[in-house]
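Asker: Numbering (my numbering), first residue to last: 43 to 811.
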């Protein structure tokens with residue numbers, strides 16, 4: 043009998059966007075990645091869509107979508123980021139889910155709480171919203187009802203079980219240490235210090251309902267997460283076989299669950315180890331890969347487990363031995379804080395958000411009743427729950443408000459209130475309490491969401507509401523004296539540039555840099571400009587609010603002055619500790635411009651000076667040829683020249699549209715090769731890296747076209763010639779995405795002709811059977 047084996051990955055990143063703009067701020071300095079989502083996507087999320095299985099000499103034998111073979115859940119906030127930044131990941135997840143349904147009758151994907159809040163600590167209404175939004179996000183992407191649900195941090199209690207049952211969920215995955223007892227011969231037997239059995243599912247009960255629970259194998263999970271089992275797939279497979287053979291009776295099921303980021307991010311190349319492990323399992327005689335839904339259909343629970351109640355009877359989780367204390371008190375769980383540090387700040391932070399959340403919920407309910415006086419009690423919860431239709435982009439906010447029969451005059455107000463409630467829910471993201479100090483990026487982000495929620499509700503709040511929130515935050519003290527307390531952190535956050543101002547500055551400076559291309563969208567904002575580009579009208583796509591501004595640049599003072607032309611609507615949040623006054627005029631220095639926008643503007647400046655001049659590459663190529671002749675005659679081996687212009691010549695050539703590049707390649711190839719050789723031989727390291735990035739970008743664009751469109755011999759010839767030319771010039775561009783794009787053609791025998799075989803060889807594919 044083969045043992046069923048399930049590998050589960052919990053893939054998640056918290057919401058990182060600036061709530062003012064919907065754009066991620068720059069988070070990583072001196073890196074080609076702007077933020078953590080980009081970095082982790084490349085080496086984990088995207089890498090697992092196209093994971094390499096290598097031969098003995100490092101050649102690529104196959105490229106595998108790992109999501110085809112494992113169980114997984116993806117956080118909705120991460121999937122929303124993929125929508126804009128790398129939608130191909132979502133397509134591969136959808137393919138994987140369909141593949142699993144064809145193979146087993148059940149999809150590999152399961153849903154997750156929308157904002158990754160700790161469900162047992164949520165208010166009853168918030169918990170229901172988090173579950174409903176998570177399920178609806180899953181349904182919108184995978185066109186089916188999820189069978190399973192990943193409780194954030196595996197946090198669960200009887201009320202959470204009831205809500206999951208009411209929502210139609212069949213099973214959850216839990217830590218074996220969360221079980222207090224299991225049924226044995228009809229009676230509950232306490233587990234003591236032992237983990238729950240992981241070779242069968244158990245029923246777990248709430249007050250009114252019950253779910254199946256799979257308790258994962260703790261040794262395998264720990265070995266993968268902390269024991270580096272992914273460094274050797276052979277050793278890992280032998281361990282699985284050993285564990286199976288040593289069992290008293292052959293287990294029907296072996297399974298484990300970990301953070302998905304271990305497969306390539308926390309453990310470099312862990313995705314490739316997973317690919318090799320999958321192949322060994324599929325080729326062997328001991329195991330069969332499956333998923334939880336398929337296993338549950340064949341082997342429903344026959345016994346019941348009772349979960350631990352946790353400290354204060356609030357429930358349990360997989361990352362706090364005290365229950366769920368890690369997310370509301372100084373329980374002792376941390377990520378290894380410095381000596382003398384504590385996490386007492388967790389309690390006042392939780393209290394501040396709870397009290398604010400209750401206040402905003404009361405206001406929301408009151409305002410809904412005003413706008414819809416004939417609505418039944420509790421209708422505000424229905425409106426917020428069904429806001430998922432907007433979040434999942436089934437309809438836009440205007441269509442949603444129209445469906446509620448809300449008067450046109452009230453629609454901006456309702457859109458702002460819904461946006462505020464969403465941000466209030468985001469303020470409960472679990473990461474805000476997980477780490478060591480209040481001043482970390484995660485607590486700051488939660489505070490930022492709460493402040494933005496206040497901003498959306500401001501016309502219905504009083505100064506005392508803000509004072510109450512700030513007072514609650516002041517009781518949360520950082521371990522770093524210079525960071526102060528939560529109130530001081532809130533003030534520092536809100537002294538940053540406002541989202542509308544950032545959008546206007548972005549559009550205005552973009553116009554000054556390159557008047558040919560107007561910036562028409564910046565994050566949430568749609569942008570219209572006056573004829574002289576001194577006035578701008580912004581429309582916020584999430585709140586429908588329109589704001590008009592005049593902007594002026596003072597070159598002497600090096601400041602930008604923005605005048606609000608929509609008086610009474612703009613507020614200077616927490617400036618001088620006040621939300622009391624409307625602000626009609628603001629001045630900004632260039633140092634106040636966010637790093638993300640500065641990077642964008644610098645790229646536009648760079649683009650603007652790389653205007654396509656057809657003969658520039660030839661002229662510089664000729665000059666470099668002459669330089670070589672002179673250098674040889676004088677015995678000079680390393681000419682002292684400025685490489686900025688030669689690089690710009692290449693940049694202007696490769697940064698135009700692909701058809702133009704290909705059509706002009708043959709006539710300019712010789713000159714381009716001379717410039718590339720000169721740069722790769724003598725230029726500073728920084729210039730060499732820029733050249734490598736430039737060529738990698740061009741090859742990636744070609745790969746993207748291969749993904750989107752059918753095979754093109756013209757493009758393939760150019761790709762082959764470009765890669766060969768670069769390598770002759772001692773440049774090794776990144777070919778990862780080209781490998782991904784060509785692999786399907788490699789598997790299709792209709793494309794088995796000399797050019798394709800040569801290209802595959804150059805891309806390090808094994809061409810042997």
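Ideal Cβ placement from N, Cα and C applies to all residues, glycine included.
Going by DSSP, what residue range makes up the alpha helix (DSSP H) through residue 535?
Answerer: For the purposes of this step, residue 535 is taken as the residue at position 493 of the chain shown. 528 to 536 is the span of the alpha helix (DSSP H), which, as asked, contains residue 535.
Asker: How would you write the range of the alpha helix (DSSP H) that residue 335 sits in, first residue to last?
Answerer: As a first step, residue 335 is located in the chain shown; it is residue number 293 there, counting from the start. Start and end: 334 to 340.
Asker: Does the stretch 154 to 161 come close enough to the stretch 195 to 204 that 3 or more CB-CB pairs lie under 8 Å?
Answerer: Yes, they touch.
Asker: Name the one or two DSSP bridge partners that residue 776 has.
Answerer: Residue numbering aside, residue 776 sits at position 734 when the chain shown is read from its first letter. Partner(s): none; residue 776 has no beta bridge.
Asker: Just to confirm my understanding: we take residue 485, look at its own chain, exclude 5 residues before and 5 after, and list those with CB closer than 6 Å. What are they?
Answerer: Locating residue 485 in the chain shown gives position 443, counting from the first residue. Here the set comprises 474.
Asker: Taking 9 Å as the threshold (C-beta atoms), are residue 341 and residue 295 in contact?
Answerer: The residue you call residue 295 lines up with position 253 of the chain shown. The residue you call residue 341 lines up with position 299 of the chain shown. Yes, they are a contact pair.
Asker: For the stretch 195 to 257, which segments carrying the beta strand (DSSP E) assignment without a break, of at least 3 residues, lie completely within its bounds, in sequence order?
Answerer: Correct list: 213 to 216, 221 to 226, 229 to 232, 244 to 247 and 252 to 257.
Asker: Determine the closest residue to residue 233 out of 219, 369 and 136, with distance taken between C-alpha atoms.
Answerer: Position 191 of the chain shown holds residue 233. Ranking 219, 369 and 136 by Cα distance to residue 233 puts 219 first.
Asker: Going by other Cβ atoms of all chains shown within 10 Å of its Cβ, with 16 needed for buried, is residue 619 buried or exposed?
Answerer: Start at 1 with the first residue of the chain shown, and residue 619 comes out as number 577. Caution is warranted here: a pLDDT of 41 is assigned to residue 619, below 50, making its placement in the model unreliable, and the coordinate value is therefore given only provisionally. Per the 10 Å Cβ criterion, exposed.
Asker: How about the stretch 183 to 193 and the stretch 225 to 241: do they share at least three Cβ pairs that are nearer than 8 Å?
Answerer: Contact between the stretch 183 to 193 and the stretch 225 to 241 is absent, because fewer than three Cβ pairs lie under 8 Å.
Asker: Among 772, 773 and 799, whose alpha-carbon lies nearest the alpha-carbon of residue 784?
Answerer: Within the chain shown, residue 784 is the residue found at index 742, counting from 1. The shortest C-alpha separation from residue 784 is found at 799.
Asker: Smallest Cα separation from residue 431: which of 443, 213 and 96?
Answerer: The residue given as residue 431 occupies position 389 in the chain shown. Ranking the options by Cα distance to residue 431, first place goes to 443.
Asker: Measuring alpha carbon to alpha carbon, tell me which of 120, 204, 520 and 503 ends up nearest residue 404.
Answerer: Taking the first residue of the chain shown as position 1, residue 404 is located at position 362. Ranking the options by Cα distance to residue 404, first place goes to 503.
Asker: In whole angstroms, what separates the C-alpha of residue 43 from that of residue 336?
Answerer: Here residue 43 refers to the residue found at position 1 when the chain shown is read from its first residue. Here residue 336 refers to the residue found at position 294 when the chain shown is read from its first residue. The straight-line gap from Cα to Cα measures roughly 17 Å.
Asker: Can you tell me which residues form a DSSP beta bridge with residue 737?
Answerer: Position 695 of the chain shown holds residue 737. Residue 737 is not bridged to any residue.
Asker: Ordered along the chain, which non-local residues of its own chain (more than five positions away) have a Cβ less than 7 Å from that of residue 137?
Answerer: Residue 137 sits at position 95 when you count from the first residue of the chain shown. 107.
Asker: If we call anything under 9 Å between Cβ atoms a contact, is residue 788 one with residue 797?
Answerer: As a working note, residue 788 is residue 746 in the chain shown. As a working note, residue 797 is residue 755 in the chain shown. Contact: no.
Asker: Can you tell which of 67, 87, 241 and 73 has the C-alpha that lies nearest to the C-alpha of residue 54?
Answerer: To locate residue 54, count along the chain shown from 1; it is residue 12. Nearest option by C-alpha distance: 87.
Asker: Give, in chain order, every unbroken run of the alpha helix (DSSP H) that is at least 4 residues long and sits entirely within the stretch 537 to 580.
Answerer: Taking only runs of at least 4 residues, the alpha helix (DSSP H) segments lying wholly in the stretch 537 to 580 are 541 to 555.
Asker: Closest by CA to residue 580, which one among 597, 184, 467 and 548?
Answerer: Working through the chain shown from its first residue, we reach residue 580 at position 538. The residue with the shortest Cα to Cα distance from residue 580 is 548.
Asker: Using a 10 Å radius around the Cβ and a threshold of 16 neighbouring Cβ atoms, would you call residue 99 buried or exposed?
Answerer: In the chain shown, the residue the question calls residue 99 occupies position 57. Residue 99 should be labelled exposed.
Asker: What residue range is occupied by the uninterrupted beta strand (DSSP E) comprising residue 116?
Answerer: Numbered from its first residue, the chain shown carries residue 116 at position 74. Per DSSP, residue 116 belongs to the beta strand (DSSP E) from 113 to 116.
Asker: Closest to residue 742 by C-alpha separation, out of 275, 761 and 686, would be which residue?
Answerer: Your numbering for residue 742 matches position 700 in the chain shown. If we check each option's Cα against that of residue 742, 761 comes out closest.
Asker: Is the stretch 389 to 401 touching the stretch 249 to 268 in the sense that three or more CB pairs, one from each, lie closer than 8 Å?
Answerer: The stretch 249 to 268 vs the stretch 389 to 401: no contact.
Asker: Could you tell me whether the stretch 482 to 496 touches the stretch 532 to 541, where touching means 3 or more Cβ pairs closer than 8 Å?
Answerer: Yes, since at least three Cβ pairs between the stretch 482 to 496 and the stretch 532 to 541 fall closer than 8 Å, the two stretches touch.
Asker: Let me know if residue 708 comes out buried or exposed under the rule of 16 or more other beta-carbons within 10 Å of its beta-carbon.
Answerer: Reading the chain shown from its first residue, position 666 is the one you call residue 708. With fewer than 16 other Cβ atoms within 10 Å, it is exposed.
Asker: Just list the residues that DSSP pairs residue 188 with in beta bridges.
Answerer: Start at 1 with the first residue of the chain shown, and residue 188 comes out as number 146. BP columns for residue 188 are empty, so no partner.
Asker: Kindly indicate which residue of 663, 658, 97 and 716 has the alpha-carbon position closest to the one of residue 810.
Answerer: Here residue 810 refers to the residue found at position 768 when the chain shown is read from its first residue. Nearest C-alpha to residue 810: 97.
Asker: Pick out whichever of 643, 259, 446 and 140 has its Cα sitting closest to the Cα of residue 559.
Answerer: Working through the chain shown from its first residue, we reach residue 559 at position 517. Of the listed residues, the one whose Cα sits closest to residue 559 is 643.
Asker: Could you check how far apart the C-beta atoms of residue 646 and residue 556 are, in whole angstroms? I think they sit under 8 Å.
Answerer: Position 604 of the chain shown, counted from the start, is the residue given in the question as residue 646. Position 514 of the chain shown, counted from the start, is the residue given in the question as residue 556. Their Cβ separation, rounded to whole angstroms, is 6 Å, which keeps residue 646 and residue 556 in contact under 8 Å.
Asker: Per DSSP, what kind of secondary structure is residue 699 in: helix, strand or coil?
Answerer: Translated into positions along the chain shown, residue 699 becomes position 657. Three-state DSSP puts residue 699 in coil, outside helix and strand.
Asker: To the nearest angstrom, how far is the alpha carbon of residue 66 from that of residue 487?
Answerer: Along the chain shown, one-based indexing puts residue 66 at 24. Along the chain shown, one-based indexing puts residue 487 at 445. Roughly 11 Å between the two C-alpha positions.
Asker: Which residues in the same chain have their Cβ closer than 8 Å to the Cβ of residue 63, if we skip the five residues on either side of it in sequence?
Answerer: On the chain shown, residue 63 is found 21 positions in, with the first residue counted as 1. These residues qualify, in order along the chain: 541, 544, 545, 564, 565, 566 and 567.
Asker: Taking the alpha-carbon positions, what's the residue 539 to residue 587 distance?
Answerer: In the chain shown, counting from the first residue as 1, residue 539 sits at position 497. In the chain shown, counting from the first residue as 1, residue 587 sits at position 545. Going by the C-alpha atoms only, they are around 18 Å apart.
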